[in-house]
Amino acid sequence: MTDTTGTRPAFDPARPTPDATGLEAIALTKTYGDGPTATHALAGVDLRVAPGESLAIMGPSGSGKTTLLHVLAGILPPTAGTAMWRGRSLADLSDADRTKLRRSEFGFVFQSGQLLPELPADENVALPLMLAGVARAEATARARQWLAHLGLRGMEGRRPGELSGGQAQRVAIARALVGNPGVIFADEPTGALDQTTGWEVMNALTTACRAQGASLVLVTHDVDVAHWCSRTIQMRDGLVVGEQRQVPTTGATGTTGATGTTGTEGAAR
């Protein structure tokens with residue numbers, strides 16, 4: 001047997017790490033600029049998101065919400081501190097391995113959908129699988145299954161310009177989930193939608209995440225959107241300043257029930 005002591009293997013999405021602690025931030029800071037003009041987008045954030053948990057991040061503009069999401073997702077590097085996924089520091093991965101991680105373990109839903117306008121819905125959804133090496137026929141079949149699951153059967157051949165805002169966001173949700181990720185990052189997923197369509201999109205997103213056992217981390221300004229999650233944290237000046245756990249809204253009940261709030265200490269864990 002070859003001795004591999006001290007050797008750190010490359011990231012392999014087919015081999016999950018034994019430490020399934022989910023997503024974790026340890027003393028995360030993110031600073032732009034130097035000296036007296038420096039801006040501290042994150043000022044020491046501690047946070048854990050358990051496997052399968054849904055978390056909403058709220059706060060005023062400039063509070064650090066989107067920066068935190070981007071650092072947790074490995075899109076931005078922290079200035080200091082550690083972002084971890086399943087017990088592994090994202091900083092320990094090469095750029096190529098972080099890209100592979102985002103492609104295989106993370107899914108993303110943005111406010112505007114970010115769909116490719118020249119591709120039909122099924123190809124937009126299948127694209128991440130094909131980039132990961134899945135054959136086109138299999139990728140397209142899986143994409144169509146997800147579109148049907150999200151109520152878009154018969155719309156597989158429509159391009160984004162031929163879809164309503166809510167339909168386009170459901171295509172984006174299908175694209176985020178088609179690779180069976182462990183966590184979905186959603187940045188203002190209903191920000192460009194009316195209230196009714198936003199309700200439909202959040203119902204589709206949270207139902208699909210629960211069915212797949214994926215964690216959900218979303219940024220929102222809308223309290224009603226946050227109530228679809230089991231926990232909400234409040235941010236201000238780059239810090240987590242409060243937390244609320246709640247019975248999340250579901251499509252079946254349409255109701256919520258808060259179960260408790262804490263200050264900064266409770267929000268850190």
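For the sequence shown, the UniProt record's numbering assigns the number 1 to the initial residue and increments by one for each residue that follows. Glycine included, each C-beta is placed from N, C-alpha and C at the ideal position.
key: C-alpha distance - valine 134 paired with valine 178, whole-angstrom precision   = 12 angstroms
inquiry  = Runs of 3 residues minimum, wholly inside the segment 186 to 245: which ones carry the beta strand (DSSP E) assignment?
reply    = 215 to 219, 231 to 236
ask   = Cβ atoms of leucine 218 and alanine 56: under 7 angstroms apart, would you say?
value = yes
task = Pick out whichever of Ala137, Phe185, Ala80, Gly182 has its Cα sitting closest to the Cα of threonine 31.
result = Among Ala137, Phe185, Ala80, Gly182, the Cα nearest to that of threonine 31 is on Ala80.
inquiry  = Checking 7 angstroms against the spacing of the C-beta atoms, do isoleucine 184 and leucine 163 come in under that value?
reply    = The answer is no: Cβ separation not under 7 angstroms.
ask   = Are the Cβ atoms of alanine 25 and alanine 83 separated by less than 7 angstroms?
value = Going by C-beta atoms, alanine 25 is nearer than 7 angstroms to alanine 83.
inquiry  = Does the contact criterion of 3 or more C-beta pairs under 8 angstroms hold for the segment 48 to 68 versus the segment 230 to 237?
reply    = yes
key: Local Cβ density within 10 Å of alanine 121, reported as buried at 16 or more and exposed below that   = buried
message = Just verifying my parser: in three-state terms, what is the DSSP assignment at glycine 257?
response = Low per-residue confidence applies at glycine 257: pLDDT is 49, beneath 50, and the placement is therefore not dependable, though the value from the model is reported in the following sentence. In this structure, glycine 257 counts as strand in the three-state DSSP scheme.
inquiry  = Helix, strand or coil for arginine 158? Go by DSSP, reduced to three states.
reply    = Arginine 158 falls in the coil class under three-state DSSP.
inquiry  = Tell me the rounded alpha-carbon separation between alanine 192 and threonine 207.
reply    = 21 angstroms
request  = Look up valine 109 in the DSSP assignment and give the residues it is bridged to.
outcome  = Ala186
request  = For leucine 47, I'd like the list of residues in its chain whose CB is within less than 6 angstroms of its CB, leaving aside the five on either flank, ordered along the chain.
outcome  = Ala25
query = How about arginine 175 and valine 125: are their beta carbons less than 7 angstroms apart?
reply = yes
ask   = Which residues in the same chain as glycine 213 place their Cβ atom closer than 6 angstroms to its Cβ, once the five residues preceding and following it in sequence are excluded?
value = Taken in chain order, the residues that qualify are Gly52.
Arginine 136 - DSSP class collapsed to helix/strand/coil = helix
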